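Visitor: Protein chains in written order, with my numbering: chain A, 16 to 352; chain B, 399 to 844.
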Amino acid sequence: MSEEITAPARTVGPSPHITSKTTCTGIMLWVVAALAPSAIWAIISMGLVAVQLFAVSIVVALGTEWAWNAIARKPQTLRDGSALVTGLLLAMSLPPRTPWWMVAIGAFIAIALGKLIFGGLGHNLFNPALVGRAFVTLSWGGVLAGVQNRGWFATLADFSAEGFDTISGATRLGIAASDRAASGAYGFDLAAQYQPLLLKNLEGSLGEISAALLILGGLVLIIKGIIDWRIPAGYIGTMGLISWAFGSDPVFHVLAGGVMLGAFFMATDYVSSPMSKKGRLVYGVGCGLFNALGRFVGPMPESTTFAILFMNGLAPLIDRMTRPRVFGVVKTDEERA
Amino acid sequence: MATTGASLIGEGVCVGRSAFAGGVHPPGYKESTAGSAVQWAPVPARLVVPLSQHLGAPCAALVEKGDRVERGQLIGDVDAMVSAPIHSPVAGVVAEVGTTLTAGGQRVAAVVIEPDEVQDLDSFVAVPETGDDKARIRAAGIVGMGGATFPSTVKLSPPKGMTIETVILNGCECEPFLTCDHRLMLEEPDRVVAGAEKIREIIGARRVVIALEDNKPDAAAALRAIATGAVEVVELPTRYPQGAEKQLIYALLKKEVPHGKLPAATGALVHNVATAVAMVDALERGKPLTERIVTVTGAVARPGNYRVLIGTLVSDLIEYAGGFVGDVERVISGGPMTGMALGSLDVPITKGSSGIVALPRGVAAPAISDDQPCIRCGRCPDSCPMGLEPYILATFSGKRMWDAAAERHVIDCIECGVCSYVCPTNRPLLQLIRVGKSAAMSKGVK
Numbered sequence: 016m017s018e019e020i021t022a023p024a025r026t027v028g029p030s031p032h033i034t035s036k037t038t039c040t041g042i043m044l045w046v047v048a049a050l051a052p053s054a055i056w057a058i059i060s061m062g063l064v065a066v067q068l069f070a071v072s073i074v075v076a077l078g079t080e081w082a083w084n085a086i087a088r089k090p091q092t093l094r095d096g097s098a099l100v101t102g103l104l105l106a107m108s109l110p111p112r113t114p115w116w117m118v119a120i121g122a123f124i125a126i127a128l129g130k131l132i133f134g135g136l137g138h139n140l141f142n143p144a145l146v147g148r149a150f151v152t153l154s155w156g157g158v159l160a161g162v163q164n165r166g167w168f169a170t171l172a173d174f175s176a177e178g179f180d181t182i183s184g185a186t187r188l189g190i191a192a193s194d195r196a197a198s199g200a201y202g203f204d205l206a207a208q209y210q211p212l213l214l215k216n217l218e219g220s221l222g223e224i225s226a227a228l229l230i231l232g233g234l235v236l237i238i239k240g241i242i243d244w245r246i247p248a249g250y251i252g253t254m255g256l257i258s259w260a261f262g263s264d265p266v267f268h269v270l271a272g273g274v275m276l277g278a279f280f281m282a283t284d285y286v287s288s289p290m291s292k293k294g295r296l297v298y299g300v301g302c303g304l305f306n307a308l309g310r311f312v313g314p315m316p317e318s319t320t321f322a323i324l325f326m327n328g329l330a331p332l333i334d335r336m337t338r339p340r341v342f343g344v345v346k347t348d349e350e351r352a
Numbered sequence: 399m400a401t402t403g404a405s406l407i408g409e410g411v412c413v414g415r416s417a418f419a420g421g422v423h424p425p426g427y428k429e430s431t432a433g434s435a436v437q438w439a440p441v442p443a444r445l446v447v448p449l450s451q452h453l454g455a456p457c458a459a460l461v462e463k464g465d466r467v468e469r470g471q472l473i474g475d476v477d478a479m480v481s482a483p484i485h486s487p488v489a490g491v492v493a494e495v496g497t498t499l500t501a502g503g504q505r506v507a508a509v510v511i512e513p514d515e516v517q518d519l520d521s522f523v524a525v526p527e528t529g530d531d532k533a534r535i536r537a538a539g540i541v542g543m544g545g546a547t548f549p550s551t552v553k554l555s556p557p558k559g560m561t562i563e564t565v566i567l568n569g570c571e572c573e574p575f576l577t578c579d580h581r582l583m584l585e586e587p588d589r590v591v592a593g594a595e596k597i598r599e600i601i602g603a604r605r606v607v608i609a610l611e612d613n614k615p616d617a618a619a620a621l622r623a624i625a626t627g628a629v630e631v632v633e634l635p636t637r638y639p640q641g642a643e644k645q646l647i648y649a650l651l652k653k654e655v656p657h658g659k660l661p662a663a664t665g666a667l668v669h670n671v672a673t674a675v676a677m678v679d680a681l682e683r684g685k686p687l688t689e690r691i692v693t694v695t696g697a698v699a700r701p702g703n704y705r706v707l708i709g710t711l712v713s714d715l716i717e718y719a720g721g722f723v724g725d726v727e728r729v730i731s732g733g734p735m736t737g738m739a740l741g742s743l744d745v746p747i748t749k750g751s752s753g754i755v756a757l758p759r760g761v762a763a764p765a766i767s768d769d770q771p772c773i774r775c776g777r778c779p780d781s782c783p784m785g786l787e788p789y790i791l792a793t794f795s796g797k798r799m800w801d802a803a804a805e806r807h808v809i810d811c812i813e814c815g816v817c818s819y820v821c822p823t824n825r826p827l828l829q830l831i832r833v834g835k836s837a838a839m840s841k842g843v844k
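So, in structure tokens, the structure goes:
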């Protein structure tokens, strides 16, 4: 046959011969772009501490992956963009005053133990950024609560002459939780918190700066077909519903804490979420359920991280239970098994 | 008839207007030929006419070297149910009875004919007027011209106990680049409608639907202006693979062809529009199938729709279309989603050749490599029109886990290529699935 090949410069191959322009790197850069308004707004509002947090997290995340590949003599994978997203997301999930070394360790754990040890992108069971955050939270919970629960204004006060004992500025969510635990009622107006939570909130983690900007970014990703609406819809819907069932304000509870960042950017991580449409809805509902239960029943008002990590672990099971129906096949019981 | 939802968003992977589940909306690339009227390609210096241009038993040559043949003369036939005879496209002399490579890469027997200097393409040796309509359609060598090349007579004889309610003429042409069916419907709507009516009559169906996508409104209008009686014209939202038999039946009738059954089980019979026109030619004029419309497009100087004699070499056709322009990476016989990349351009146009597409660098998919991971984005299961999970079928096939692949219905894959098309890490999904599918078939999985 070789004598008949008239143009050796051309290639042959099996169909299909064209491919969509969507690439892994392109998808990751869209996620970065969707997070950018929140990140930029955080930097504008908080200044240098936010820049430092982003820089440490991203540089360590990229550096860890680069070094791992270099030591293991594997092809470099930084260009797929996933380490950048992990670094960015980890930073968004931490309070601005988190000590830099804690951020660095978190980013290292996120990439090394969250992703690379499983075999790299596509093989990790859990969302790497949340693995990093969980590690930091569990290791230095007290320190983190110290910088977090006093809120941004309180940490500013660290530098003031008055010292910080005079200010006890827990986050709205923390206050709501302790109020509820103490008396079953709230000592402040939850509805009055919508506006700061939506537009400019200097408490909690960097990513809580503005729920509105996170929603905007999330909607862009949904419209671009990058994330499936079923996960955030299931998550936020369930969260709101259960908050309402517990007699609380559903709007406050979906806007406060890490719900928006979790629902649009963490739970939607491709690798650690289910593959089927039905499965993604189930998974979103599960995230919302465990997040709400953690907030209302458990000890942690900030249960987003563990709710999503728990559902990450269930994702393969959800996939097994929600296989798509094959065209032309009527499911029988033995096929379903 | 079509379900309409939100307008097409993003690449249309997860959402979009659609009459069937899954699918994609790749760029059409049809602009450069959609407006070009069909014109005859010249008679080449020699024709290489393969004796197997259909699914089924190959024909045996009925002529020898040095024999004189007339246009339309029978030159190959075989006594088999699933087969279709071969006729000489020109008047000339048999130069050789040998072999040729086909677009698919197989080597098959072929009759090489040197045409006379002067050709009268309007005259031909008519097929004998014996037997019923089905016999004459067989005698004219008509096969499915959408690319499957299944002998049409066989499809016109549904198995006992099955009644065909609806005949569907497939004018979807959902493959990017191709416009041959579009031009046929636009330029000869009367013959398309006549073909529709003829098939309905032969099969005894109640209704006949000419289906096309809404990216060909001019063709739809032309057909509607003529269609009467039982012939309906339906425009479907443009989406690949609408023209796939099972998806088209579902889009129109909302019935799924049951797993392992023939499409006839839904009471539907699908024929390509060009096949229907060829049937009318055979029945009304006794004309055998010796030429077809081929879209020559992509990176060629004069893209267009050409009426090409069967046996014309692709290299001759490309030369007539002005040759390649720029950096051509792959040359495809058929459409870019399901067609075959040509290793050699010295292969003949056959009854199933709908197009020759010269894909420039940058449009052609990158070379296959398996070094990129699956990032579990969910695009392939979301867009698989058969409801399969391509990512896991490909993994099973790659690991030679044939039983696991079979258990997940690898056999139901229609090889439309949507999974490989949408994969953001360019994993060779369909390529791996084909391996698993053929392994399952060879183990007798049904």
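Even glycine gets a Cβ: it sits at the ideal position worked out from N, Cα and C.
Bear in mind the structure is a predicted one, so any value in this text is a computation, not a measurement.
Taking three-plus beta-carbon pairs below 8 Å as touching, is the stretch 466 to 473 of chain B in contact with the stretch 737 to 751 of chain B?
Guide: no
Visitor: For the stretch 128 to 157 of chain A, list every residue whose C-beta sits within 9 Å of some C-beta in chain B, in sequence order.
Guide: Gly134, Gly135, Leu136, Gly137, His138
Visitor: Secondary structure at Ala282/A, three-state DSSP: helix, strand or coil?
Guide: coil
Visitor: Does DSSP put Gln437/B in a helix, in a strand, or in coil?
Guide: strand
Visitor: I believe Ala763/B touches Pro31/A by the beta-carbon criterion, under 8 Å. Please report the beta-carbon distance rounded to the nearest angstrom.
Guide: Rounded, the Cβ-Cβ distance is 7 Å, consistent with contact.
Visitor: Would Ile473/B pass as an interface residue toward chain A - the criterion being a Cβ-Cβ separation below 8 Å?
Guide: Output row for Ile473/B: interface = no.
Visitor: Identify the residues that DSSP records as bridge partners of His669/B: which are they?
Guide: Leu567/B
Visitor: For Thr337/A, return the contacting residues in chain B, with the cut-off set at a CB-CB distance below 8 Å.
Guide: The contacting residues do not exist; Thr337/A stays about 10 Å from chain B at best.
Visitor: Do Cys775/B and Pro822/B count as a contact pair if the criterion is CB distance below 8 Å?
Guide: yes
Visitor: Run through the stretch 77 to 131 of chain A for me and flag every whole alpha helix (DSSP H) of 4 or more residues, listed as ranges in chain order.
Guide: Listed in chain order, the complete alpha helix (DSSP H) runs (minimum 4 residues) inside the stretch 77 to 131 of chain A are 97 to 107, 115 to 127.
Visitor: For the candidate residues Pro456/B, Gly503/B, Arg505/B, Gln437/B, whose alpha-carbon lies nearest to that of Pro483/B?
Guide: Of Pro456/B, Gly503/B, Arg505/B, Gln437/B, the residue nearest in Cα terms is Pro456/B.
Visitor: Can you list, in chain order, the residues of its chain whose CB lies under 6 Å from that of Ala845/B, leaving out five sequence neighbours each side?
Guide: No statement about residue 845/B is possible, as the shown extent of chain B runs from 399 to 844 and does not include it.
Visitor: If you compare alpha carbons, which of Lys215/A, Leu231/A, Tyr298/A, Leu234/A is closest to Ser225/A?
Guide: The option with the nearest alpha carbon to Ser225/A is Lys215/A.
Visitor: Keeping to the same chain, check which residues put their C-beta closer than 7 Å to that of Gln67/A; ignore five residues upstream and five downstream.
Guide: Closer than 7 Å at the Cβ level, and outside the excluded window around Gln67/A, lie Trp115.
Visitor: CB Val629/B to CB Ile601/B, shorter than 8 Å?
Guide: no
Visitor: Which of the three DSSP states is assigned to Phe150/A in this structure?
Guide: helix
Visitor: Look at the alpha carbon of Gly219/A and the alpha carbon of Leu212/A, and state the distance between them as a whole number of angstroms.
Guide: 11 Å
Visitor: Kindly list the residues whose CB is nearer than 7 Å to the CB of Leu171/A, restricted to its own chain and excluding five residues on each side of it in sequence; keep chain order.
Guide: The pLDDT assigned to Leu171/A is 41, lower than 50, so where the model puts this residue is not dependable, and the model offers no usable value.
Visitor: Hey, quick one: how far does the alpha helix (DSSP H) through Thr793/B stretch, first residue to last?
Guide: 788 to 796
Visitor: Which of the residues in the stretch 262 to 294 of chain A, read from start to end, lie with their CB under 7 Å from any CB of chain B?
Guide: Of all residues in the stretch 262 to 294 of chain A, Tyr285, Val286, Met290, Ser291, Lys292 have a Cβ within less than 7 Å of some Cβ in chain B.
Visitor: Considering only their Cβ atoms, is the gap separating Glu689/B from Ile716/B smaller than 8 Å?
Guide: no
Visitor: Cys39/A versus chain B: which residues are under 7 Å apart at the beta carbon?
Guide: Within chain B, the residues placing a beta-carbon under 7 Å from that of Cys39/A are Ile773, Pro822, Thr823, ordered along the chain.
Visitor: Using DSSP with H/G/I as helix, E/B as strand and the rest coil, what is Phe321/A?
Guide: helix
Visitor: Which residues in chain A sit within 9 Å of Lys644/B, going by Cβ to Cβ distance?
Guide: Phe342, Gly343
Visitor: Is there a Cβ from chain A that is less than 8 Å from the Cβ of His452/B?
Guide: no
Visitor: When the cut-off is 8 Å and only beta carbons count, does Ser847/B lie next to chain A?
Guide: This structure does not reach residue 847/B, given that chain B is present from 399 up to 844, and the question cannot be answered.
Visitor: Taking the alpha-carbon of Val341/A as reference, which of Pro779/B, Glu643/B, Ala435/B, Phe722/B has the nearest alpha-carbon?
Guide: Pro779/B
Visitor: For chain B, check one thing: does any of its Cβ atoms lie closer than 8 Å to the Cβ of Ile42/A?
Guide: yes
Visitor: Along the alpha helix (DSSP H) that carries Glu468/B, what are the first and last residues, could you check?
Guide: Neither: Glu468/B is in no alpha helix (DSSP H) and is coded neither H nor E.
Visitor: Is there contact here, the stretch 486 to 504 of chain B with the stretch 449 to 465 of chain B, by at least three beta-carbon pairs under 8 Å?
Guide: yes
Visitor: For the stretch 726 to 754 of chain B, which residues have a beta carbon sitting closer than 9 Å to at least one beta carbon of chain C?
Guide: Going by chain labels, chain C is absent from the structure shown, which instead holds the protein chains A and B.
Visitor: Quick one: what's got a C-beta closer than 6 Å to Lys841/B's C-beta in the same chain, skipping five residues either side?
Guide: none
Visitor: Answer yes or no: does any C-beta atom of chain B fall closer than 8 Å to that of Gly301/A?
Guide: no
Visitor: Given this structure, state the Cα-to-Cα distance separating Arg335/A from Val525/B, to the nearest angstrom.
Guide: Distance from the CA of Arg335/A to the CA of Val525/B, rounded to the nearest whole angstrom, comes to 58 Å.
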